[in-house]
Amino acid sequence: MQLQLLSALFLFGTGIQALPASAAQDQTTSISSSTCTTSSSSSSSTATPTPYDFTAGAVPSYPIHPSCNSTLRRQLERALDETVALAAHARDHILRWGVDSPFVQKYFGVLLASTAAPLGWYSRVVAADKGGMTFRCDDPDRNCETQDGWAGHWRGENATQETVICPLSFSKRRWLDSVCGLGYTVAGSPLNTFWATDLLHRVLHVPRISEGVVEHYAEDYEGVLELAATDPARSAIDSNTLQYFAIDVYAYDIAAPGVGCTGKPEKSEESD
Ligand SMILES: *[C@@H]1O[C@H](CO)[C@@H](O)[C@H](O)[C@H]1NC(C)=O
Ligand SMILES: *[C@@H]1O[C@H](CO)[C@@H](O)[C@H](O)[C@H]1NC(C)=O
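The numbering used here numbers the first residue of the sequence shown as 6 and each following residue consecutively.
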């Protein structure tokens with residue numbers, strides 16, 4: 006959306022400043038002549054230069070591989086839209102409250118001097134160019150088939166911009182409108198309960214989004230809180246921290262406004 010807005014502003018700007026009146030006239034004549042069935046002056050319109058457009062060739066939304074059939078593609082499109090919505094809300098919460106937010110202090114540390122780093126990562130999830138990356142539904146590395154309980158995986162050294170989504174995801178992951186329902190709590194339930202948190206994790210593995218900087222420095226909810234207290238510089242580039250913050254503020258601001266469903270940690274094993 007921001008990219009589109011920028012591009013609209015950009016084109017608007019060139020339209021005002023760069024196009025001389027004669028060029029504008031050329032455009033109108035070529036448009037009107039092209040609507041006629043017989044073109045009387047085709048030679049005059051061939052020399053019009055194409056204005057530079059920085060959005061040419063941009064890939065604003067997450068690509069889905071042809072191996073996903075129409076049924077899977079529809080679910081994955083919605084799931085990726087929810088991932089963007091989750092990251093966009095995390096960004097907006099930080100923009101609204103900055104370091105005064107108790108959630109910012111909880112997840113990124115009370116000593117956090119600037120919110121720019123987490124803001125940057127959420128912004129990249131929302132609006133960075135997605136060219137070259139893809140989500141696929143076949144099983145090229147045979148991990149869906151051979152690894153028990155895997156719902157998807159980053160292809161790593163085999164294809165670093167690619168993510169495989171296994172069949173299990175399509176039956177297991179929940180939609181964001183169930184946040185705080187069905188017994189879910191942020192601290193007590195698996196982080197990948199939702200498509201949006203699960204795919205936030207997966208896109209943060211892809212260098213196109215994470216620039217190879219976001220990594221895993223904390224394992225679970227308690228580890229994330231400990232990291233914020235001991236090494237906040239790493240919280241800002243920790244994949245699980247970015248996911249927990251996003252779902253906790255989504256719960257508190259949107260799913261159950263002013264109440265949330267942070268809950269308490271439970272010892273439970275997370276499946277991949
Ligand atoms: C797509 O694949 C899924 C999983 O294999 C299957 O259940 C579904 O029927 C397929 N949809 C179409 C339109 O072929
Ligand atoms: C990469 O491919 C090899 C060979 O197919 C496979 O054994 C390995 O698990 C794959 N790596 C990942 C991260 O899936």
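Glycine residues also receive a C-beta, built at the ideal position from the N, C-alpha and C atoms.
According to the DSSP secondary-structure assignment, V169 is paired through a beta bridge with R141, H158.
Within the same chain, Cβ atoms closer than 6 Å to the Cβ of L209 are found at S215, V219, S244, the five residues on either side in sequence being excluded. Nearest C-alpha to A156 among A223, R213, S194, I170: I170. In the DSSP assignment, I69 is bridged to F140. Around the CB of P107, fewer than 16 other CB atoms lie within 10 Å, so the residue is classed as exposed.
When distances are taken from the beta-carbon of H158 to the heavy atoms of ligand 2, the shortest one is below 7 Å. DSSP, reduced to helix, strand and coil, places D243 within a strand of the structure shown. Look at R178 here: in three-state DSSP terms it is coil, with no helix or strand label. Boundaries of the alpha helix (DSSP H) harbouring P123: 121-132, taken from the DSSP string. Within 7 Å of the C-beta of S75 there is at least one heavy atom belonging to ligand 1. Between L196 and L247, the C-beta gap is not smaller than 8 Å, which leaves the two residues out of contact. In this structure P212 is exposed. Its beta-carbon is surrounded by fewer than 16 other beta-carbon atoms within 10 angstroms. Short note on D146: C-beta closer than 7 Å to some heavy atom of ligand 2.
With fewer than 16 other Cβ atoms inside 10 Å of its own Cβ, L187 counts as exposed. When DSSP states are grouped into helix, strand and coil, F59 belongs to the coil group. With respect to L91, I252 sits close: the two C-beta atoms are nearer than 8 Å. A contact is defined here as three or more CB-CB pairs under 8 Å, and the stretch 253-263 meets this definition with respect to the stretch 174-186. Looking at the backbone, the Cα of D203 and that of T88 are separated by about 8 Å.
Scanning its chain for C-beta atoms nearer than 6 Å, with the 5 sequence neighbours on each side dropped, one finds around C185 the residues A256, A260, A261, C266, in chain order. Contact between P237 and L117 holds: their C-beta atoms lie close to 6 Å from each other, under 8 Å.
Only buried fits A223, as 16 or more other CB atoms lie within 10 angstroms of its CB. The beta carbons of I69 and T139 sit closer together than 8 Å. Cβ atoms of G103 and T76 stay farther apart than 8 Å, at about 42 Å. The Cβ atoms of R129 and T168 lie no closer than 8 Å to each other. It is roughly 57 Å from the alpha-carbon of S194 to the alpha-carbon of P54. C-alpha of D143 to C-alpha of L173: approximately 13 Å in a straight line.
The three-state secondary structure of E224, taken from DSSP, is coil.
In the DSSP assignment, C149 falls within the unbroken alpha helix (DSSP H) covering 148-151.
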